[in-house]
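**Q**
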Amino acid sequence: MPKLIVTSRYLKSGSGKKKQLYHYVKYIATREGSVPIPNANETAPATKSQQELISSLLHDFPDSKELFEYEDYQKNPTIKNGSALISVILDRNMDRLTSRENYVGYLANRPGTVKFGSHGLFSQSDEPINLEKVAKDIANHGGNVWTHVVSLRRDNAQAMGYDNLKAWRELVKRQISNIAKNQKIDMANLKWYAAFHDKKTNPHVHIIVYSTNEREGFLTNHGIEKIRSGFANDIYADELHHLYAQQTDLRNQMKKESEQLMKQLADNISQNDVDNAELIDLVAKLHEQLNSSKGKKVYGYLKADVKKTVDEIFIRLAENESIQKMYSLWCEMEQQKHDVYSSARVQFPKLADNKEFKSVKNMIIQTVLDMNSPVVDIEIEEPELTEKTDDDITDIPPQIDEFDNAIYFDNDDMAANGFSCSSKISPKEPDDSPKSKYYLKWSNAYKEACKLIYNKQSKLEDFQKAEQLLLNESGAGNVLAIHDLGKLYSTEKLGAKEEEKSSSFYKEALQGFMEIEPDSDYMFPYEPKFKGQVMKPADMRSYVWYRIGKMHCYGLGTEQDYEKAFQWFLKSSQEGHKFAQYSLANLYYYGNGVEKDLSQAFLWYQKSASQGQPYASYAAAQMYSKGEYVAENKETAQRYYKAALSGFLELESKDQADDNLFYKIGVMYKNGLGTEADISKAIDYFKRSAEMNNKNGLYEYGKALIQGNHIEADLEKGLECVEKAMKLKNSNAKRFFALEYISGEHFSQDIEKGLFMLTECADKGDSFACFQLGQFYLKGEIVTQDLERAEKYLLLAEDNEFTQYAFGKLYLQEEKYDIQKAVDYFEKSADKNMWSSYQLGRLYLFGADELEKDKEKAVEWLTKSANDGNEYVQNMLNNIDDFENMLLRNTVMGLFVNLSRCIEDNYSQKQCSLKIQTDRKLRKMIQKRKSGIGIREEQNMTN
364 MPKLIVTSRY
374 LKSGSGKKKQ
384 LYHYVKYIAT
394 REGSVPIPNA
404 NETAPATKSQ
414 QELISSLLHD
424 FPDSKELFEY
434 EDYQKNPTIK
444 NGSALISVIL
454 DRNMDRLTSR
464 ENYVGYLANR
474 PGTVKFGSHG
484 LFSQSDEPIN
494 LEKVAKDIAN
504 HGGNVWTHVV
514 SLRRDNAQAM
524 GYDNLKAWRE
534 LVKRQISNIA
544 KNQKIDMANL
554 KWYAAFHDKK
564 TNPHVHIIVY
574 STNEREGFLT
584 NHGIEKIRSG
594 FANDIYADEL
604 HHLYAQQTDL
614 RNQMKKESEQ
624 LMKQLADNIS
634 QNDVDNAELI
644 DLVAKLHEQL
654 NSSKGKKVYG
664 YLKADVKKTV
674 DEIFIRLAEN
684 ESIQKMYSLW
694 CEMEQQKHDV
704 YSSARVQFPK
714 LADNKEFKSV
724 KNMIIQTVLD
734 MNSPVVDIEI
744 EEPELTEKTD
754 DDITDIPPQI
764 DEFDNAIYFD
774 NDDMAANGFS
784 CSSKISPKEP
794 DDSPKSKYYL
804 KWSNAYKEAC
814 KLIYNKQSKL
824 EDFQKAEQLL
834 LNESGAGNVL
844 AIHDLGKLYS
854 TEKLGAKEEE
864 KSSSFYKEAL
874 QGFMEIEPDS
884 DYMFPYEPKF
894 KGQVMKPADM
904 RSYVWYRIGK
914 MHCYGLGTEQ
924 DYEKAFQWFL
934 KSSQEGHKFA
944 QYSLANLYYY
954 GNGVEKDLSQ
964 AFLWYQKSAS
974 QGQPYASYAA
984 AQMYSKGEYV
994 AENKETAQRY
1004 YKAALSGFLE
1014 LESKDQADDN
1024 LFYKIGVMYK
1034 NGLGTEADIS
1044 KAIDYFKRSA
1054 EMNNKNGLYE
1064 YGKALIQGNH
1074 IEADLEKGLE
1084 CVEKAMKLKN
1094 SNAKRFFALE
1104 YISGEHFSQD
1114 IEKGLFMLTE
1124 CADKGDSFAC
1134 FQLGQFYLKG
1144 EIVTQDLERA
1154 EKYLLLAEDN
1164 EFTQYAFGKL
1174 YLQEEKYDIQ
1184 KAVDYFEKSA
1194 DKNMWSSYQL
1204 GRLYLFGADE
1214 LEKDKEKAVE
1224 WLTKSANDGN
1234 EYVQNMLNNI
1244 DDFENMLLRN
1254 TVMGLFVNLS
1264 RCIEDNYSQK
1274 QCSLKIQTDR
1284 KLRKMIQKRK
1294 SGIGIREEQN
1304 MTN
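Numbering (my numbering), first residue to last: 364 to 1306.
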C-alpha cells in the first residue's frame, strides 16, 4: 500500500441530486464522526448492515480499494474497521453526494475539521474567509471545479510532522503552483480553498480549485500523477534527499556507461567506423525534410511524415546497448524514489515512449538542424575561467607589516640586515649629537612587548602587559614603541578599538621618525647583550626612510599620500633596502603615486627577491606566470614560487607568520605554486588563517567546509566562515553565495536571488562576476538569452582568452552577427585557447555569411588546435575531404552524446529541484542570517 494517497476529480454541478446516491446522503446526515455503533464490541466482526453498505459503496466507488482503511478492513473486518472504512469512503466522495454549495460547508464544519478562525476553510492569505460567500461563488461558477484529497496514515503523518493544521496549510501553499500548472490554470486566475481534517487514522486535507476564467483549465491522468508526485516529493523530501545520497553507486555506474559510450563513439569516428548505416540514412533524410519544412522547426509543429522520421531516429538511438543500460539505471533509481512513499511497482515504458524524455525529440531536430552550423559544437567541454584569489599579485604591503621588526630582534649580524656598520661610518663630533628626544632602539623591553603581541597564544592580560611595556618605552622617546602603540590601539586586542588614541600615537611616531631622520646615518639601535659589550654604530637611513614611506603609504599619522611614499621608498631602495624595494615595486605595479610601469615593477621585484625577500619572489613569479612585461614562462615562475615558499616556510618556522602569510602558503599548496599541489595542506593553512580572522582564509576554509572536498563537510560552520569573509569585504565571498544560489549544489537553489547578487557583484566592479553574467546571458541556459546584457558584462570582464572566446561566440549569434569581429576575437585568443583555433577552423571549413570557405586556412587552424591538445579536432583533420559523410557521422555521434546527457541530466535536475525543499534547518539558518550579510528577502531581479 502507498504511504500517501492523492485523489483528484471534477466536482460536477448538482451531482448531489442523483437518486441512486440518495441513501448515502441520508446516511451522512444522520452519522456523527466515524459512525460508532453504541454498545458494540469494536473488535467483533462487522455487522451485516455494515457489510452490505461497504459492498454497495465499493461497487459505486471502486477506487476506494486504494484507501488505507480498506487495507485494514481486508486484514481485519471488524466493526471498528468497517465503521472507519464507511466513514472515509463517504468523506472522500462527498463531492459526488451533495451540491457544490453543501460540499463547501461540509469541508468547513464537519466533525474533525481543524478550525482556521470560525470554521476550517483556509486559502493563501490569512484574511478571514466568508464561508457563505465562498459556497455560493463555487455553486454558481459556470466553469469546472476540481477537488483534491491528500491523505497520510497517522503514523506517517506524525513521523513527517504533518499532524497539525499549520504544516498541512504550508504544504498546500507550496504545492498550489504545481496544481495550477498541471491543471493548465494561470496563477493570476486561480482560486483555491482547503480544509484540514484531523482524522484519527488518516489526517488529510481537502482542496477545491477553479479558475476565474470559466473556459480555462483541464486535468489529465498525467496531470494527476504530477500533482501526486509533487506532494510526495515535498512530504518525503528528507527521505528522498537521503536516498539520493545513497544512490552514489548507481549514479557512478550511469556516468561510467556514459563515458564508455563516449569513448566507443569517439574511437569509431576517429577510425571512420560508424557502424550504423540506418541511423546515418535517417539523419540525412531528416536533414532534407527539415530544410524543406516551413514554419517552426519543433516537433509539435512538424508534419506527420517528419515526426515519423524523428520517432524512428529516437527508437534507433534507444536500441544502443549503453543507452539501454543507462535507461535501466534511471528506471532503477526512479523506482527506489517511488518506494519511499509507495509499495507499488512502477511500469516504466520504453525510453522512446517515456514522456519524461519527450524533449529528446526536439533535441534530435535541433542537432540535425545544426549539422552545418559553425556556431554549434557537438560535445565540446570548453575550459572554465577559474576564480581568482584575493592576492593574485601581492597588494601594497600589509598595514600590519611583517617586515617592520621581525628580523631586527638580534644584534649578532647587523650587516645582514642591510645596515652599514661602524667601519664605514665616521664618528660624530660632540656638538653633532642629536637634539631630538626621539630615538630608535630594539630594546629588550620593546622586544618583549612585540613577542607578547604577536604570540598567537596571548590573552588579554598579555596584551595589557605589552601595552605597559610600550608605554614605558614610548615615554622615553622610542619611536618603535610609539608606532606600535598606534598599531595596538587600532586592533581589538585590548577590547574595543580606540581610533583616536591610535591616530595620536601614529602622528607622534611619524613626527619622531622625521626628527631622527637627519641623524639616522649614525645610530645605536641595539642594547648590549652583556655588560661591557662595545656596540657598533649603524647607518639606519634606509630603514628610517622605509618606515616613513610606509606611514605615508597607509595614511598612518598623516593623510595617505602615495607620491610621498614613492619618494621615501625610492631613496631607501636605492640604498639597497629589500623591503623598500618590494614596496616600491608594488607602487609601480599598481600605478600608485607614480605612472604604472611594469618594467620598473619587475626590476625592483627582482632586486628585492635577489636579497631573499620571499614576497618579492612571489610577485616576480606571478609576472612570469601571466606574461606581464616578461614573456610567459611557467618553468621560471615555478622557480620563483619555490624560492618564495621556502622563504615563507622559514618565517613560519621562526614563529613570524601572520594570518596573511598562512593564507598565502595555503594558496600555494592549493594551486601547486613552487610545490606539488596538496589540497589537505592548503586547507590546514586556510584554517589557521581563518582562526586569525583573515578574510581570505575565512573564505577558502569556509568554501572547503561547504563543498566537503578533502575535508569533512560542515555546512553550518562553512556558511558562518564565508559570511564573515563577506562582511570583511572578501571579493569572492558574495559571488560564491550568488553562484551557489544559482546552482543549488550545496544549499537551497534560488536562481533569481543568485542572479541578483551576482549582478550586484558585477556592478561593483567584480570582473569575474561580469564574466559569469556575460556567459549566463550568452548561453541562455539558466536565464533567458539576452545578448545585449551578455555584451555589456563581457565588456566589463577581464580581457583574457576566455572573455575573447566568449565574444567570438557572441558575434556568431544571429542577433549580434558580425563575422569579422568573431574572427578577430578568436584569432586574438587562439594562442592560449585551443577552442578558439578550433572555431576558426570550423568557420573556414564550412564557410559563413560574409566569410568564404578556405580549406587551407581551415587545416592550418585545426592543426594548431590539435597540436595544442584538442583530440576532438583530429577526426576532422583525418576526414577533411569527406565533408558530407563526416558531418552525418558527427551528427550521429552528437545524437548519442546528447541522449546520454538527457538521461543523466534528467536525474540530476530531479535531485537539484529536491534540494529546494530539503535541509530545512540550513534554510532557516540562511534566512536568519540574511540581514547580517546584506540579503533582503524581498529583493527581486528588476534589471
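Virtual Cβ for every residue (Gly too), placed ideally from N, Cα, C. As the structure is a computational prediction, the values presented were derived from the model and not from experiment.
In whole angstroms, what separates the C-alpha of Y1156 from that of Y1062?
**A** As a position in the sequence shown, residue 1156 is number 793, starting the count at 1. As a position in the sequence shown, residue 1062 is number 699, starting the count at 1. Approximately 25 Å between the Cα atoms of the pair.
**Q** Give the range of the alpha helix (DSSP H) segment to which L416 is assigned.
**A** On the sequence shown, position 53 is the one that residue 416 refers to. Looking at the DSSP string, the run of the alpha helix (DSSP H) that includes L416 is 411-423.
**Q** If you compare alpha carbons, which of D1041, L1141, R1051, T999 is closest to D1021?
**A** In the sequence shown, the residue the question calls residue 1021 occupies position 658. The residue with the shortest Cα to Cα distance from D1021 is R1051.
**Q** Bridge partners of H511, per DSSP?
**A** Residue mapping note: residue 511 aligns to position 148 of the sequence shown, counting from 1. The partner list for H511 (beta bridge, DSSP) reads S371, I570.
**Q** What number of angstroms, rounded off, separates the C-alpha of V907 from the C-alpha of Y802?
**A** Along the sequence shown, read from residue 1 onward, the residue named residue 907 stands at position 544. Along the sequence shown, read from residue 1 onward, the residue named residue 802 stands at position 439. Cα to Cα, the separation comes out at about 11 Å.
**Q** From the DSSP output, which residues share a beta bridge with P408?
**A** Along the sequence shown, read from residue 1 onward, the residue named residue 408 stands at position 45. DSSP output for P408 lists T441 as bridge partner(s).
**Q** According to DSSP, is L1214 helix, strand or coil?
**A** As a first step, residue 1214 must be located in the sequence shown, where it is residue number 851. It is a strand residue.
**Q** Reducing DSSP to helix, strand and coil, say where F772 ends up.
**A** Counted from its first residue, the sequence shown places residue 772 at position 409. Note that F772 scores a pLDDT of 42, beneath 50, so its modelled location is shaky and nothing firm can be said.
**Q** If you pair each beta-carbon of the region 1247-1263 with each one of the region 646-655, do three or more pairs fall below 8 Å?
**A** Yes, the region 1247-1263 touches the region 646-655.
**Q** Under three-state DSSP, which class holds H560?
**A** Translated into the one-based positions of the sequence shown, residue 560 becomes position 197. Strand, per DSSP.
**Q** Does K366 come out as helix, strand or coil in the three-state DSSP assignment?
**A** Taking the sequence shown and counting its residues from 1, one reaches residue 366 at position 3. K366 falls in the coil class under three-state DSSP.
**Q** Below 6 Å CB to CB, which residues in the same chain sit around V709 once its five sequence neighbours on both sides are set aside?
**A** Residue numbering aside, residue 709 sits at position 346 when the sequence shown is read from its first letter. Once the five neighbours on either side are set aside, the close Cβ partners of V709 are Q698, H701.
**Q** With a cut-off of 8 Å, do at least 3 Cβ pairs link the region 532-542 to the region 488-504?
**A** In short, these stretches do not touch, since the Cβ pair count stays below three.
**Q** Once DSSP output is grouped into helix, strand and coil, what is the label at A543?
**A** For this step, residue 543 is matched to residue 180 along the sequence shown. The answer is helix: DSSP assigns A543 an H, G or I state.
**Q** Quick check: what's the CA-CA separation for Y1116 versus C1124?
**A** Within the sequence shown, numbered from 1, the residue matching residue 1116 stands at position 753. Within the sequence shown, numbered from 1, the residue matching residue 1124 stands at position 761. For the sequence presented, residue 1116 should be read as Lys rather than Tyr. Roughly 12 Å between the two C-alpha positions.
**Q** Rounded to whole angstroms, how far is the Cβ of S371 from the Cβ of I590, which I believe are closer than 8 Å?
**A** Locating residue 371 in the sequence shown gives position 8, counting from the first residue. Locating residue 590 in the sequence shown gives position 227, counting from the first residue. That pair is a contact at about 6 Å.
**Q** In or out: H915 buried (at least 16 other Cβ within 10 Å) or exposed?
**A** For the purposes of this step, residue 915 is taken as the residue at position 552 of the sequence shown. H915 is buried by the Cβ-count criterion.
**Q** Using alpha carbons as the reference points, say which of G593, Q521, A522, Q487 lies closest to M550.
**A** Against the sequence shown, residue 550 aligns to sequence position 187. Cα-wise, what sits closest to M550 is Q487.
**Q** Rounded to whole angstroms, what's the CA-CA distance from D1231 to D1194? Just pull it up for me.
**A** The residue you call residue 1231 lines up with position 868 of the sequence shown. The residue you call residue 1194 lines up with position 831 of the sequence shown. Using only the alpha carbons, I get a separation of about 9 Å.
**Q** What is the residue span of the alpha helix (DSSP H) that K970 lies within?
**A** The count along the sequence shown starts at 1 and reaches residue 970 at position 607. From DSSP, the alpha helix (DSSP H) with K970 extends over 961-973.
**Q** Confirm, please, whether the CB-CB distance from P891 to K804 is below 7 Å.
**A** Counted from its first residue, the sequence shown places residue 804 at position 441. Counted from its first residue, the sequence shown places residue 891 at position 528. No, the pair does not count as a contact, with Cβ atoms beyond the cut-off.
**Q** Please determine, among I368, Q923, S722, W693, the residue with the shortest C-alpha to C-alpha distance to F711.
**A** Stepping through the sequence shown from its first residue, residue 711 is reached at position 348. The shortest C-alpha separation from F711 is found at W693.
**Q** To the nearest angstrom, how far is it from the Cα of G1143 to the Cα of N1196?
**A** Position 780 of the sequence shown, counting from 1, holds the residue named residue 1143. Position 833 of the sequence shown, counting from 1, holds the residue named residue 1196. Cα to Cα, the separation comes out at about 23 Å.
**Q** So V451 and N552 are supposed to be a Cβ contact under 8 Å. How far apart are they, rounded?
**A** Translated into positions along the sequence shown, residue 451 becomes position 88. Translated into positions along the sequence shown, residue 552 becomes position 189. The Cβ separation is near 32 Å, so there is no contact.
**Q** Measure how close the beta-carbons of L961 and Y925 come, nearest whole angstrom, since I'm counting them as under 8 Å.
**A** As a first step, residue 961 is located in the sequence shown; it is residue number 598 there, counting from the start. As a first step, residue 925 is located in the sequence shown; it is residue number 562 there, counting from the start. Actually they are not in contact, since the Cβ atoms of L961 and Y925 sit about 17 Å apart, beyond 8 Å.
**Q** Counting C-beta neighbours from all protein chains within 10 Å, is the total for I1145 16 or more, i.e. buried, or is it exposed?
**A** Against the sequence shown, residue 1145 aligns to sequence position 782. Classification of I1145: exposed, given that the 10 Å Cβ count is below 16.
**Q** Whole-angstrom Cβ separation of N416 and Y433, contact assumed at under 8 Å?
**A** Here residue 416 corresponds to residue number 53 of the sequence shown, with the count starting at 1. Here residue 433 corresponds to residue number 70 of the sequence shown, with the count starting at 1. For the sequence presented, residue 416 should be read as Leu rather than Asn. With 8 Å as the limit, L416 and Y433 do not qualify as a contact, their Cβ atoms being about 14 Å apart.
**Q** Can you name the start and end residues of the alpha helix (DSSP H) that S1130 belongs to?
**A** Along the sequence shown, read from residue 1 onward, the residue named residue 1130 stands at position 767. It spans 1130-1142 - the alpha helix (DSSP H) in which S1130 sits, taken as one unbroken run.
**Q** Using DSSP with H/G/I as helix, E/B as strand and the rest coil, what is N725?
**A** On the sequence shown, position 362 is the one that residue 725 refers to. Here N725 sits in helix by DSSP.
**Q** If you check the beta carbons only, do I728 and K660 fall under 7 Å apart?
**A** Translated into the one-based positions of the sequence shown, residue 728 becomes position 365. Translated into the one-based positions of the sequence shown, residue 660 becomes position 297. In this structure, K660 lies closer than 7 Å to I728 by Cβ.
**Q** Over what stretch of residues does the alpha helix (DSSP H) that includes Q1202 continue unbroken?
**A** Locating residue 1202 in the sequence shown gives position 839, where the first residue counts as 1. Start and end: 1197-1209.
**Q** Is the CB-CB distance between W1224 and S1200 below 7 Å?
**A** Looking up residue 1224 in the sequence shown gives position 861. Looking up residue 1200 in the sequence shown gives position 837. Contact flag set, yes.
**Q** Can we say the region 1175-1187 touches the region 1199-1217, given the rule of at least three CB pairs closer than 8 Å?
**A** Cβ pair count under 8 Å is three or more, so yes.
**Q** Determine, using beta-carbon pairs with one atom in the region 872-880 and one in the region 852-863, whether at least three such pairs fall under 8 Å.
**A** The region 872-880, when compared against the region 852-863, does not touch it at the 8 Å Cβ threshold.
**Q** In angstroms with no decimal places, state the Cα-to-Cα distance between D1129 and Y1048.
**A** Here residue 1129 refers to the residue found at position 766 when the sequence shown is read from its first residue. Here residue 1048 refers to the residue found at position 685 when the sequence shown is read from its first residue. The straight-line gap from Cα to Cα measures roughly 26 Å.
**Q** By Cβ distance, which residues of its chain are closer than 6 Å to D435, with the 5 residues on each side in sequence left out?
**A** For the purposes of this step, residue 435 is identified with residue 72 of the sequence shown, where counting begins at 1. So the qualifying residues of the chain are N444.
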